[in-house]
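Enquirer: Under the working numbering, think of the first position of the sequence shown as 20, with each following residue one higher.
One structure follows; several queries about it will come next.
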Amino acid sequence: MGLSAAWHLRRAEPDARVTVLERGRVGSAASGASAAGVRAMGRDPAERALALASLARWPELDRELEGATRYRRGGGLRVALEDAAWRKVPGWIAEQRADGVPLELVDATAARTLAPGLAPMCAGGVYCAIDGQAEAMATVTAFAAAARRVGARIEEGVGVTAFVAERGRVVAVASSDGRRHACDVALVAAGTWSAPLLAGLGVRVPLATRGLQMLLTERASGALAPVVSAFGRKLSLKQLASGAWLIGGGWPADIPDETQNRWALRDDSVKASLEVAREVYPPVGEATLARGWAGLEAFTPDDLPLLGPVPGIDGLLVAAGFCGHGFALAPAVGDVLARLALGGDARADLWRGLGIDRFDAAGTIETAKGAWC
Ligand SMILES: Cc1cc2nc3c(=O)[nH]c(=O)nc-3n(C[C@H](O)[C@H](O)[C@H](O)COP(=O)(O)OP(=O)(O)OC[C@H]3O[C@@H](n4cnc5c(N)ncnc54)[C@H](O)[C@@H]3O)c2cc1C
């Protein structure tokens with residue numbers, strides 16, 4: 020999110036001095052570990068406009084970035100394995116179609132034409148032609164290169180230690196190498212490590228860290244085009260250009276050391292994830308598991324991101340808490356953040372309902388006002 024914002028900012032305002040401070044390496048957290056699914060299907064209503072705006076950008080993103088995200092629009096297919104799930108599908112589709120998400124009901128035969136290896140018990144499903152997939156590190160690298168190309172400075176190995184505000188306005192960022200970077204606008208986009216940074220300014224945000232697991236098999240035969248998921252199952256299944264299966268779906272990993280971005284795979288998650296993948300798409304069972312990894316992601320109580328200005332502190336923006344589905348949103352989020360930073364039309368229609376002030380009423384966010392410097 021930070022790299023996308025930096026790229027959009029410099030592209031919109033070449034005179035702006037833009038610095039990204041990255042305490043590790045770019046892509047070393049959630050974005051680099053991501054399953055890189057690019058979907059509009061199944062989003063919360065509050066996130067749909069942002070998702071649709073983002074998905075409209077993906078087909079042209081490589082050209083825009085002058086890079087290779089390895090994006091392909093192979094569609095998304097969510098299948099129903101039980102009659103109970105199948106009966107709910109028409110209502111599920113209608114509600115999203117009303118917001119412009121182009122979903123189609125597909126019967127079992129059509130589902131199998133789209134995804135030939137589907138389990139025989141598949142009753143049918145929902146197809147979204149605009150969904151697709153990219154590759155995580157390729158995308159992060161493309162965003163970083165594009166940001167640098169337009170003149171943003173990216174400092175890796177330099178962490179933010181504090182945001183500094185005076186009289187209700189952000190004025191500087193302090194970094195781990197002892198420097199103080201004066202600024203007009205600061206963006207907190209530190210993934211699941213955003214909460215302590217905001218806490219330093221008296222702003223509490225309800226972010227909880229979870230480790231999410233991914234599995235990758237050796238290369239296999241076949242050429243599955245859509246990303247396959249299933250109602251009532253934790254599954255996102257893709258076949259990569261190499262033929263390897265990439266299996267995710269939100270299976271938990273352990274977090275031995277959150278501050279140091281350390282994770283550990285769990286045997287029960289690995290086993291259960293493989294079982295579900297084989298149950299829904301039996302050809303996966305013929306491939307050997309090659310490796311697994313996890314990424315630390317920030318979750319909010321309502322499973323929606325925190326995006327927009329931080330109330331009470333002028334010039335401070337936040338983009339965090341993407342709850343396992345932020346990768347696809349990066350183009351639109353970066354655009355929104357750049358607009359907010361520059362004070363133009365901030366496309367509030369895209370992120371209405373995602374601001375951090377939504378937690379005030381429940382008392383889960385406290386925004387302090389005054390001087391912190
Ligand atoms: C396994 C997995 C699978 C996923 N699959 C999908 C998917 O298929 N589709 C989808 O849309 N989304 C998916 N997501 C979610 C998506 O990847 C994330 O929502 C998104 O990448 C979050 O981006 P971010 O920039 O907010 O956070 P991050 O990518 O975590 O970036 C935050 C950065 O801040 C840096 N940082 C932290 N603290 C500091 C500090 N003090 N100073 C400076 N830098 C700091 C970190 O090193 C990190 O590089 C998945 C996530 C995971 C983990």
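Glycine is no exception: its CB is placed at the ideal position from the N, C-alpha and C atoms.
With distances taken between CB atoms, is the gap from Phe346 to Glu316 smaller than 8 Å?
Expert: Along the sequence shown, read from residue 1 onward, the residue named residue 346 stands at position 327. Along the sequence shown, read from residue 1 onward, the residue named residue 316 stands at position 297. No, Cβ-Cβ distance for Phe346 and Glu316 is not below 8 Å.
Enquirer: Please report the distance separating the alpha-carbon of Val207 from that of Ser213.
Expert: The residue you call residue 207 lines up with position 188 of the sequence shown. The residue you call residue 213 lines up with position 194 of the sequence shown. Each residue's Cα considered, the two are about 6 Å apart.
Enquirer: Locate the beta strand (DSSP E) running through Met233, then write down its first and last residues.
Expert: One-based indexing of the sequence shown puts residue 233 at position 214. Unbroken beta strand (DSSP E) run through Met233: Ala227 to Thr236.
Enquirer: Return yes when the C-beta of Phe378 is under 7 Å from any heavy atom of ligand 1, and no when it is not.
Expert: Counting from 1 along the sequence shown, the entry for residue 378 is found at position 359. For ligand 1, not one heavy atom lies less than 7 Å from the Cβ of Phe378.
Enquirer: Following a CB-centred definition, is His176 positioned closer than 7 Å to any heavy atom of ligand 1?
Expert: Stepping through the sequence shown from its first residue, residue 176 is reached at position 157. Before going further, note that residue 176 is Gly rather than His in the sequence given. When distances are taken from the beta-carbon of Gly176 to the heavy atoms of ligand 1, even the shortest one reaches 7 Å or more.
Enquirer: Relative to the alpha-carbon of Thr278, which residue among Leu308, Thr228, Ala161 and Leu265 has its alpha-carbon at the smallest distance?
Expert: For the purposes of this step, residue 278 is taken as residue 259 along the sequence shown, with counting starting at 1. Here the closest residue by C-alpha is Thr228.
Enquirer: Considering only residues of the region 46-84, which uninterrupted alpha helix (DSSP H) runs meet the minimum length of 4 residues and lie entirely inside it, listed in chain order?
Expert: The qualifying runs are 49-52 and 64-84.
Enquirer: How long is the line joining the alpha carbons of Thr319 and Leu226, rounded to whole angstroms?
Expert: By one-based count along the sequence shown, residue 319 stands at place 300. By one-based count along the sequence shown, residue 226 stands at place 207. Distance between the alpha carbons of Thr319 and Leu226: 5 Å.
Enquirer: Around the Cβ of Met140, are there at least 16 other Cβ atoms within 10 angstroms (buried) or fewer (exposed)?
Expert: Stepping through the sequence shown from its first residue, residue 140 is reached at position 121. The residue in question, Met140, is exposed, as its Cβ has fewer than 16 Cβ neighbours within 10 Å.
Enquirer: Tell me whether Leu40, by its Cβ, gets closer than 7 Å to a heavy atom of ligand 1.
Expert: Walking along the sequence shown from the start, residue 40 turns up at place 21. Yes, ligand 1 has a heavy atom inside 7 Å of this Cβ.
Enquirer: Excluding sequence positions up to five away, which residues of its chain have a Cβ less than 6 Å from the Cβ of Ala390?
Expert: Stepping through the sequence shown from its first residue, residue 390 is reached at position 371. Unreliable placement is indicated for Ala390, whose pLDDT of 26 sits below 50; the coordinate value is still reported in the next sentence. Only Glu185 and Arg186 meet the Cβ criterion.
Enquirer: Determine, using beta carbons only, whether Ala205 and Leu356 come nearer to each other than 8 Å.
Expert: The residue you call residue 205 lines up with position 186 of the sequence shown. The residue you call residue 356 lines up with position 337 of the sequence shown. The answer is no: Cβ separation not under 8 Å.
Enquirer: When the distance is taken between beta carbons, is Ala296 closer than 8 Å to Gly262?
Expert: Position 243 of the sequence shown, counting from 1, holds the residue named residue 262. Position 277 of the sequence shown, counting from 1, holds the residue named residue 296. Against a cut-off of 8 Å, the Cβ pair of Ala296 and Gly262 comes out as no contact.
Enquirer: Let me know the secondary structure DSSP gives Arg297 once reduced to three states.
Expert: Taking the first residue of the sequence shown as 1, we reach residue 297 at position 278. DSSP places Arg297 in helix when its eight states are reduced to three.
Enquirer: Between the Cα of Val121 and those of Ala313, Leu71 and Trp370, spot the shortest distance and give me the residue it belongs to.
Expert: Along the sequence shown, one-based indexing puts residue 121 at 102. For the record, residue 121 in the displayed sequence is Pro; it is not Val. With distances taken between Cα atoms, Pro121 lies closest to Leu71.
Enquirer: Would Arg310 pass as a contact of Leu235 if the rule is Cβ separation under 8 Å?
Expert: Against the sequence shown, residue 310 aligns to sequence position 291. Against the sequence shown, residue 235 aligns to sequence position 216. Taking 8 Å as the Cβ cut-off, Arg310 and Leu235 qualify as a contacting pair.
Enquirer: Taking the straight line between their C-alpha atoms, what separation do you get for Leu84 and Gly93?
Expert: Residue 84 sits at position 65 when you count from the first residue of the sequence shown. Residue 93 sits at position 74 when you count from the first residue of the sequence shown. If you take the alpha carbons of Leu84 and Gly93, they lie about 21 Å apart.
Enquirer: Could you name the residues of the same chain whose beta carbon sits closer than 6 Å to that of Gly95, not counting the 5 residues immediately before and after it, in chain order?
Expert: Counted from its first residue, the sequence shown places residue 95 at position 76. If we look at Gly95 and ignore the five residues flanking it on each side, its Cβ neighbours are Arg58, Met60, Cys147, Asp150, Pro245 and Val246.
Enquirer: Taking only runs of the alpha helix (DSSP H) that begin and end inside the region 311-378, which ones reach a length of at least 4 residues, in chain order?
Expert: Correct list: 349-361 and 367-370.
Enquirer: Does the beta carbon of Glu277 fall short of 7 Å from some heavy atom of ligand 1?
Expert: In the sequence shown, residue 277 corresponds to position 258, counting from 1. When distances are taken from the beta-carbon of Glu277 to the heavy atoms of ligand 1, even the shortest one reaches 7 Å or more.
Enquirer: Can Ala11 and Val189 be called in contact, C-beta distance under 8 Å?
Expert: This structure cannot speak to residue 11, because the chain is shown only from 20 to 392.
Enquirer: Answer with buried or exposed for Arg198, where buried requires no fewer than 16 other C-beta atoms within 10 angstroms of its C-beta.
Expert: Position 179 of the sequence shown, counted from the start, is the residue given in the question as residue 198. Around the Cβ of Arg198, a 10 Å sphere holds fewer than 16 other Cβ atoms; the residue is exposed.
Enquirer: Let me make sure I understand the geometry here. Which of Arg97, Arg168 and Glu114 has the alpha-carbon closest to that of Pro33?
Expert: The residue you call residue 33 lines up with position 14 of the sequence shown. Of the listed residues, the one whose Cα sits closest to Pro33 is Arg168.
Enquirer: Who are the Cβ neighbours of Arg30 in its own chain at under 6 Å, not counting the five residues just before and after it?
Expert: Within the sequence shown, the letter at position 11 stands for residue 30. Cβ within range, chain order: Val169.
Enquirer: Can you give me the start and stop residues for the beta strand (DSSP E) that Thr180 sits inside?
Expert: Taking the sequence shown and counting its residues from 1, the one referred to as residue 180 is at position 161. Its beta strand (DSSP E) spans residues Val179 to Glu185.
Enquirer: Do Thr88 and Ala157 have their beta-carbon atoms positioned less than 8 Å apart in this structure?
Expert: Along the sequence shown, one-based indexing puts residue 157 at 138. Along the sequence shown, one-based indexing puts residue 88 at 69. The answer is yes: Cβ separation under 8 Å.
Enquirer: Please specify which runs of the beta strand (DSSP E), each continuous and at least 3 residues long, are wholly inside the region 117-204, giving them in chain order.
Expert: 122-126, 143-147, 172-175, 179-185, 188-194 and 199-201
Enquirer: For Thr38, which three-state DSSP category applies?
Expert: Here residue 38 is taken as the residue at index 19 of the sequence shown, counted from 1. DSSP places Thr38 in strand when its eight states are reduced to three.
Enquirer: With DSSP as the reference, please indicate the residues paired to Ser248 in a beta bridge.
Expert: Position 229 of the sequence shown holds residue 248. In the DSSP output, where bridge partners are listed per residue, Ser248 has Arg97.
Enquirer: Helix, strand or coil for Gly21 per DSSP?
Expert: The sequence position of residue 21 within the sequence shown is 2, counting from 1. Reduced to three states, the DSSP call for Gly21 is helix.
Enquirer: Can you tell me where the beta strand (DSSP E) holding Ala272 begins and where it ends?
Expert: By one-based count along the sequence shown, residue 272 stands at place 253. Its beta strand (DSSP E) spans residues Pro271 to Asp276.
Enquirer: Using a threshold of 8 Å, state whether the C-beta atoms of Val159 and Ser73 are closer than that.
Expert: Position 140 of the sequence shown, counting from 1, holds the residue named residue 159. Position 54 of the sequence shown, counting from 1, holds the residue named residue 73. The Cβ atoms of Val159 and Ser73 lie no closer than 8 Å to each other.
Enquirer: Let me check understanding here. Comparing Cα to Cα, which of Leu28, Ala349 and Gly144 lies closest to Gly363?
Expert: Here residue 363 refers to the residue found at position 344 of the sequence shown. Selected option, being the one with the closest Cα: Leu28.
Enquirer: Taking all protein chains shown into account, decide if Lys290 is buried (16 or more other Cβ within 10 angstroms of its Cβ) or exposed.
Expert: Along the sequence shown, one-based indexing puts residue 290 at 271. Exposed: under 16 other Cβ atoms inside 10 Å.
Enquirer: Would the beta-carbon of Ala134 fall within 8 Å of that of Gly251?
Expert: Within the sequence shown, residue 134 is the residue found at index 115, counting from 1. Within the sequence shown, residue 251 is the residue found at index 232, counting from 1. Result no, Cβ atoms of Ala134 and Gly251 do not sit closer than 8 Å.
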